[in-house]
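S.K.: Residue numbers (our numbering), protein chains in the order written: chain A, 1 to 222; chain B, 223 to 444. To start, I am sharing the structure in question, which I have written as structure tokens.
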DNA sequence: CCAAAAGTGTTCACCGTACACCCATGA
DNA sequence: TCATGGGTGTACGGTGAACACTTTTGG
């Protein structure tokens with residue numbers, strides 16, 4: 001069954017990095033400096049080291065190319081069409097990651113690439129390889145997970161208002177939600193706790209701040 | 223980013239092949255003839271050819287090792303811990319497949335391996351590599367998909383009774399279901415059509431036979 | 001005082017769940 | 001005639017959806 005005689009393909013990880021910026025779901029892309037697809041936009045990613053776990057490799061690429069650390073990361077799907085890279089056989093294990101909106105500044109600071117930019121997922125430029133497919137699948141997965149998990153919390157700082165959380169839902173689902181129903185559903189689910197604090201300083205009524213009951217952990221609903 | 227200098231890992235596909243047999247969810251395993259894990263049971267699978275799509279490779283392994291063709295196949299997850307194979311770095315793209323109960327006989331006939339056997343998922347023998355983890359994840363995915371898709375139909379012949387379908391649900395979920403509620407829910411979902419035929423020849427009242435409205439296609443509910 | 005977001009309840013339709021008996025057949 | 005699975009309806013509680021006004025603040 002197993003032998004050493006087979007030619008081995010290259011294996012990479014690519015990461016679809018989402019955030020919410022300017023009321024839109026956006027993806028972090030890197031402009032390619034080399035052929036093929038020179039000057040096209042592409043997902044951050046790269047080769048998996050020979051002694052490195054797949055997820056570790058994805059985290060390393062994330063850190064090296066964008067400076068991002070300690071964020072939610074999940075394996076998405078593995079893409080392996082033989083013709084997806086014109087140079088050699090490259091199989092890519094795609095991941096997706098979510099960046100909290102309060103950590104956006106730190107990205108440009110830490111990354112050596114000035115070629116990084118956020119792009120709204122509904123207005124993507126021409127993309128290298130099959131990265132368009134990958135982003136599309138990631139978007140579907142993210143939208144599906146909104147309904148039955150606490151994944152939306154990964155976009156927000158430790159404490160946040162219900163209005164901010166509702167905004168995350170609306171932007172990803174692409175539709176507005178009734179405020180009263182949303183609050184009933186979210187508070188009824190029981191994974192938020194009231195911090196007792198208020199967000200003041202806006203020119204309107206202050207919002208109660210909540211935090212996740214188990215921060216960092218993904219919970220499932222129903 | 224991409225270069226030819228990196229050492230490339232081996233890439234395999236492994237397939238968790240499910241069926242329902244003797245009122246139990248079972249997995250098809252192959253007894254290993256070679257080291258490592260000689261004489262342990264393992265998932266069918268093998269190397270991806272260098273010019274072959276991942277799914278094509280999985281289908282080919284399925285055919286070669288078990289004789290099975292034309293069944294439901296879906297990518298599950300990619301496992302890549304550096305130590306998962308003691309010989310060299312092997313990344314495996316795991317798939318799962320569902321064999322209809324009316325195709326079980328054809329398997330032993332077509333496979334050259336007398337070392338193939340069905341094992342109930344809740345009574346598995348010692349398994350090679352991380353194949354225990356893979357089966358466990360596949361089982362979770364299958365159980366989850368029961369609730370929101372028509373995947374259960376993949377275990378049944380073209381036409382089947384509601385009792386047979388209910389049995390599939392019960393065996394996979396591991397719990398009994400109220401018959402009237404089940405029938406209301408399934409028929410209400412609208413993806414079955416009455417064939418008008420009856421299954422006779424048992425020593426009890428004949429059952430109406432149904433078939434999928436779109437056979438082969440997976441539909442989603444809600 | 002005004003603009004802007006926060007906060008709050010009720011009604012109704014629908015759906016999942018609990019629950020028990022008769023039917024048709026072959027042996 | 002009897003054992004076996006097939007087939008059927010109703011009542012109830014919970015949940016998701018629709019819907020509008022008052023509150024609090026900063027400028």
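Ideal placement from N, C-alpha and C gives every residue a C-beta, glycine not left out. Note that the structure is predicted; figures quoted are calculated from it, not measured.
With 9 Å as the C-beta to C-beta threshold (strictly closer), list the residues of the region 86–100 of chain A near chain B in chain order.
M.R.: Per Cβ criterion, the list reads 87, 88, 89, 90, 91 and 93.
S.K.: Using beta carbons (cut-off 9 Å, strictly below), is residue 358 of chain B in contact with chain A?
M.R.: False, the Cβ-Cβ gap to chain A never drops below 9 Å.
S.K.: To the nearest angstrom, report how far apart residue 238 of chain B and residue 419 of chain B are at their CA atoms.
M.R.: Going from the Cα of residue 238 of chain B to the Cα of residue 419 of chain B covers about 34 Å.
S.K.: Along the chain, where does the alpha helix (DSSP H) that runs through residue 475 of chain B open and close?
M.R.: Nothing in the structure corresponds to residue 475 of chain B, since chain B is present only between 223 and 444.
S.K.: Cβ closer than 7 Å: which chain B residues qualify as neighbours of residue 47 of chain A?
M.R.: Within chain B, the residues near residue 47 of chain A are 228.
S.K.: Residues of chain B with CB closer than 7 Å to the CB of residue 50 of chain A, please, in chain order.
M.R.: Simply 229, 231 and 311.
S.K.: Taking only beta-carbon atoms, is residue 452 of chain B less than 9 Å away from chain A?
M.R.: Given that chain B is displayed from residue 223 to residue 444, the structure contains no residue 452 of chain B and the question cannot be resolved.
S.K.: Within 9 Å (strictly less), CB to CB, does residue 54 of chain A reach chain B?
M.R.: True, the Cβ-Cβ gap to chain B drops below 9 Å.
S.K.: Assuming residue 404 of chain B is part of the alpha helix (DSSP H), what are its boundary residues?
M.R.: Taken as a continuous stretch (DSSP letters only), the alpha helix (DSSP H) holding residue 404 of chain B covers 401–411.
S.K.: Please report how far the alpha carbon of residue 222 of chain A lies from the alpha carbon of residue 147 of chain A, in whole angstroms.
M.R.: Whole-angstrom Cα-Cα distance: 10 Å.
S.K.: Tell me, which residues are paired with residue 24 of chain A by DSSP?
M.R.: A:21.
S.K.: Can you grab the Cα-Cα spacing for the pair residue 33 of chain A / residue 12 of chain A, in whole Å?
M.R.: Distance between the alpha carbons of residue 33 of chain A and residue 12 of chain A is about 18 Å.
S.K.: Could you tell me the boundaries of the beta strand (DSSP E) in which residue 416 of chain B lies?
M.R.: Residues 414–421.
S.K.: Looking at chain B, is there any beta carbon in it that lies within less than 9 Å of the beta carbon of residue 81 of chain A?
M.R.: Closer than 9 Å: yes.
S.K.: Any C-beta of chain B sitting closer than 9 Å to the C-beta of residue 77 of chain A?
M.R.: Chain B contact via Cβ: present.
S.K.: If you measure between the beta carbons of residue 7 of chain A and residue 275 of chain B, is that distance less than 9 Å?
M.R.: Not a contact, by the Cβ cut-off of 9 Å.
S.K.: If you measure between the beta carbons of residue 209 of chain A and residue 117 of chain A, is that distance less than 9 Å?
M.R.: In this structure, residue 117 of chain A does not lie closer than 9 Å to residue 209 of chain A by Cβ.
S.K.: I need the straight-line Cα distance from residue 25 of chain A to residue 158 of chain A, nearest angstrom please.
M.R.: The straight-line gap from Cα to Cα measures roughly 20 Å.
S.K.: Between the beta-carbon of residue 319 of chain B and the beta-carbon of residue 299 of chain B, is there less than 9 Å?
M.R.: No; because the gap between Cβ atoms is not below 9 Å, this pair is not in contact.
S.K.: In chain order, what residues of the same chain have a beta carbon less than 7 Å from the beta carbon of residue 74 of chain A, not counting five sequence neighbours either side?
M.R.: Correct list, in chain order: 95 and 96.
S.K.: What distance in whole Å lies between the Cβ atoms of residue 173 of chain A and residue 143 of chain A, which are believed to be in contact at a cut-off of 8 Å?
M.R.: That pair is a contact at about 6 Å.
S.K.: Which parts of the region 253–307 of chain B are runs of the beta strand (DSSP E), unbroken and 3 residues or longer, counting only runs that do not cross its ends?
M.R.: Those beta strand (DSSP E) runs which fall completely within the region 253–307 of chain B and span 3+ residues are 267–269 and 294–301.
S.K.: For residue 231 of chain B versus residue 302 of chain B, is the C-beta distance shorter than 9 Å?
M.R.: Cβ atoms of residue 231 of chain B and residue 302 of chain B: closer than 9 Å.
S.K.: Assuming residue 218 of chain A contacts residue 106 of chain A (C-beta within less than 8 Å), just tell me the rounded distance between them.
M.R.: 23 Å between Cβ atoms; not a contact.
S.K.: Helix, strand or coil for residue 353 of chain B per DSSP?
M.R.: The answer is helix: DSSP assigns residue 353 of chain B an H, G or I state.
S.K.: Would you list the residues sitting across from residue 91 of chain A in a DSSP beta bridge?
M.R.: Paired residues: A:11.
S.K.: Could you check what DSSP says for residue 207 of chain A in three-state terms: helix, strand or coil?
M.R.: Three-state DSSP puts residue 207 of chain A in a strand.
S.K.: Among A:191, A:175, A:129 and A:41, which has the Cα closest to the Cα of residue 23 of chain A?
M.R.: For residue 23 of chain A, the nearest C-alpha among the options comes from A:175.
S.K.: May I have the straight-line CA-CA distance separating residue 436 of chain B from residue 288 of chain B, to the nearest angstrom?
M.R.: Approximately 27 Å, taken between the alpha carbons.
S.K.: Under 9 Å, do residue 413 of chain B and residue 343 of chain B count as touching if we go by C-beta distance?
M.R.: Not closer than 9 Å, so no.
S.K.: Roughly how many whole angstroms lie between the Cα atoms of residue 47 of chain A and residue 134 of chain A?
M.R.: Cα to Cα, residue 47 of chain A sits roughly 17 Å from residue 134 of chain A.
S.K.: Whose C-alpha, out of A:57, A:127 and A:51, is nearest the C-alpha of residue 39 of chain A?
M.R.: The shortest Cα separation from residue 39 of chain A among A:57, A:127 and A:51 belongs to A:127.
S.K.: How is residue 442 of chain B classed by DSSP in three states: helix, strand or coil?
M.R.: Residue 442 of chain B falls in the strand class under three-state DSSP.
S.K.: Along the beta strand (DSSP E) that carries residue 116 of chain A, what are the first and last residues, could you check?
M.R.: Element bounds for residue 116 of chain A: 116–120.
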